[in-house]
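Protein chains: 2
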Amino acid sequence: MFSVTILGNNSALPAYNRHPTAQMVHLNEQNILLDCGEGTQMRMLEFKVKRNNLNYIFISHLHGDHYLGLAGLINTLNLTGRSEPLNLFAPPPLEEILRLQFANGNTKLNFDLRFFPLPEEAGPLVETSTFRVSTFLTEHRVTCHGFLIEEIKKPRSIVPEKTQEFGIPFDYYPALQNGADYISEDGELIIPNEILTEEAPLPKSYAYCADSRFTTSFLPYIENADTIYHETTYLDDLREKAESRYHSTTKQAATIATLAHAKQLLIGHFSSMYDDLTPFQLEAASVFPNSIRTQEGETYNI
Amino acid sequence: MFSVTILGNNSALPAYNRHPTAQMVHLNEQNILLDCGEGTQMRMLEFKVKRNNLNYIFISHLHGDHYLGLAGLINTLNLTGRSEPLNLFAPPPLEEILRLQFANGNTKLNFDLRFFPLPEEAGPLVETSTFRVSTFLTEHRVTCHGFLIEEIKKPRSIVPEKTQEFGIPFDYYPALQNGADYISEDGELIIPNEILTEEAPLPKSYAYCADSRFTTSFLPYIENADTIYHETTYLDDLREKAESRYHSTTKQAATIATLAHAKQLLIGHFSSMYDDLTPFQLEAASVFPNSIRTQEGETYNI
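Chains V and A, in that order, are what the protein sequence lines are.
Just so you know, we're using my numbering here: the first sequence kicks off at 182 and counts up by one.
Just so you know, we're using my numbering here: the second sequence kicks off at 182 and counts up by one.
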């Protein structure tokens, strides 16, 4: 499973029952929160998104609408008995803000909140045998991080009928999964790998482009991502306003998805100027057909 | 007008669509926010409580469920063009927390946010010709402030038919309003004040007791308050739990209202243990009949 549930898709001002930015990515057993605007824990309750099996939190930047729900969420995890460590990647100053908040509330966390300050350059943040999270920089009014979440390519999978048919010993399996042909000890029997194994499903990836004005500067980091989330604060007639506020428009987001050869574009971070969001869908799709205007509470497959 | 609108009446964990503590007091032209839990600005939108004519904010203590909505609310006031000063009374460390949040978000406030650190003792905070706000200390796990909001007794009001009938000069009015009898210049005509003026309505007062375990220590400060808000985190069978967590029960809150000779008791800060709140109403009223189990979005006259 690789999907993302939208918890908040509005820009800074809450409006029309839309809320500040937060997304929960589900990647097999991993639950990864991207940004945590005010009220994220209430959205989790509303949409029945479990908060307790959260593994990672990534905060893109220190504008309030992207992190002001964090202290409350952590308090709640603490009050509800969390004991597992929680990994938090965020801009460095957030550590002191949280420290002051917990110290002055006389709050002792009963779990290990591991704070990892985000570097001011692109690079990998987490890498396990099954997935990788990297960061890249967007162009915003303050330092802002995008995140790329990638499945790691799985080894080839054994075709049991074939390995049984040819009597391949078990200790040969790891080599087969890594692509080796089978060669019997006496060198007599050679069976090509493609007969004994199958290609694993292609790994997928999700690029979360956080807040940014239109720029191709981070394209190299998101190229070929299956799904891209890109902010679209404004409709395309407000390009100048978008540029001056370091935000993007529908067609700009769709252009990024096109240039990156994405398969799917999710858009969000809508300005509170707009009640009806239909034009967002139409404008984005006019440039990149598989554009999806996100809705809070909805889950999208990557 | 002297009333209070409940924006949030739950304890730390949001539950059953109840939210962390916040109340808006309307006192004639003054709009006074008491505490500001996470999501307060969203509750204001939901309940159509105007945020722009806010004059004062008082924060009782630095547990997250009483102030984590503040930075977001201030951001929103700033984004929506507020220019009038805003007076914020709060525990001293909040100033640095907010400073860090605004500095790292590169947020320049376009209005004057006047921070007044709360003293660690009881005393007056604001006094104008029409109202006074004082603080007192409750007994909680961290320093916690209650607030008493009092109307100032208005001068007696002139009865125009009578002052005309007796031909009282205008420049005599202020003395009449302060209770003086009328004595004509030659000393011949003496008219008792009670004929020329009427008593102003009695000033009312609201005592907000924030978070506290049961204690009579602050009774002297809230005695004879017309309406008292007192927290009731638990039903009365959980007295020991309440005591150990520095919280109160229904009957304890009602006892305070009785001892203070209040006319009305509002209860809130309900634990997320409870879905049905009917027993809160019944238990409190069994001790203090005019107890009201508050509901979010409702406005109560003081």
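Every residue, glycine too, gets a C-beta built ideally from N, C-alpha and C.
Residue nearest to E379/A within the set L306/A, R420/A, F351/A, P336/A is P336/A (criterion: CA-CA distance). Using a CB distance below 8 Å, the part of the stretch 247-261 of chain A facing chain V consists of L249, G250, A252, G253, N256, T257, L260, T261, ordered along the chain. Annotation: the continuous beta strand (DSSP E) that includes A388/V extends over 386-389. Taken in chain order, the complete alpha helix (DSSP H) segments of 4 or more residues contained in the stretch 260-290 of chain V are 274-285.
Nearest to L318/V by C-alpha distance, out of F283/V, I339/V, A388/V, is A388/V. By the CB criterion at 8 Å, L214/A and L243/A fall outside the cutoff.
In this structure the stretch 187-196 of chain V lies against the stretch 447-454 of chain V, because at least three pairs of beta carbons, one per stretch, are closer than 8 Å. Chain V has no Cβ within less than 8 Å of the Cβ of N236/A. Per the Cβ contact rule, the stretch 384-403 of chain A is in contact with the stretch 323-335 of chain A (3 or more Cβ pairs under 8 Å).
Beta-bridge partners of A203/V (DSSP): G189/V, C217/V.
The stretch 390-403 of chain V makes contact with the stretch 305-325 of chain V: 3 or more CB pairs, one atom from each, lie closer than 8 Å. Taking a beta-carbon distance threshold of 8 Å, A193/A counts as an interface residue toward chain V.
For the stretch 282-315 of chain A, the residues whose beta carbon sits under 7 Å from a beta carbon of chain V are, in order, Q282, N285, G286, N287. In the DSSP assignment, S425/V falls within the unbroken alpha helix (DSSP H) covering 420-425.
In this model, M205/V and D457/V are separated by some 25 Å (Cα to Cα).
The beta carbon of Q358/A lies closer than 6 Å to those of P336, R337 in the same chain, with the five residues before and after it left out. Taking a C-beta cut-off of 7 Å against chain V, the contacting residues of the stretch 202-226 of chain A are E219, G220, Q222, M223, L226, listed in chain order. With a threshold of 16 other beta carbon atoms within 10 Å, G262/A falls short and is exposed. Put simply, the CB of P460/A is far from chain V, with every gap to its CB atoms at 8 Å or more. Secondary structure note for P355/A: its alpha helix (DSSP H) is the uninterrupted segment 354-358. Restricting attention to T430/A, T202/A, Y402/A, D418/A, the CA atom closest to the CA of R224/A is found in T202/A. Under the 10 Å beta carbon count, E277/A is surrounded by fewer than 16 other beta carbons and is classified as exposed. Distance between C325/V and N285/A, taken at the CA atoms: about 12 Å. In chain order, I278, L281, Q282 make up the part of chain A whose C-beta sits under 7 Å from the C-beta of I278/V. Contact between Q222/V and A252/V does not hold, since their C-beta atoms are separated by about 10 Å, which reaches or exceeds 8 Å. Against chain V, the CB of H244/A has a partner CB under 8 Å away; the residue lies at that interface. In this structure, R295/V and L254/V do not form a Cβ contact; the two beta carbons are roughly 15 Å apart against a cut-off of 8 Å. The three-state secondary structure of F351/V, taken from DSSP, is helix.
Residues are counted here when their Cβ sits less than 7 Å from a Cβ of chain V; for the stretch 321-341 of chain A these are R322, V323, given in chain order. The Cβ atoms of L226/V and N259/V do not sit closer than 8 Å to each other. At a cut-off of 8 Å between C-beta atoms, P401/A does not count as an interface residue with respect to chain V. The stretch 401-413 of chain V and the stretch 338-357 of chain V do not touch, with fewer than 3 CB-CB distances between them shorter than 8 Å. Approximately 7 Å separates the beta-carbon atoms of F297/V and L269/V; this is inside 8 Å, confirming the contact.
The contact set of P355/A on chain V, defined by CB atoms closer than 7 Å, is empty, because the minimum CB distance reaches about 48 Å. Among the residues facing chain V, P350/A is not included, as its CB has no counterpart in that chain under 8 Å away. Close CB contacts of Y237/V within its chain, under the 6 Å cut and outside five residues either way in sequence, are with I213, N268 (chain order).
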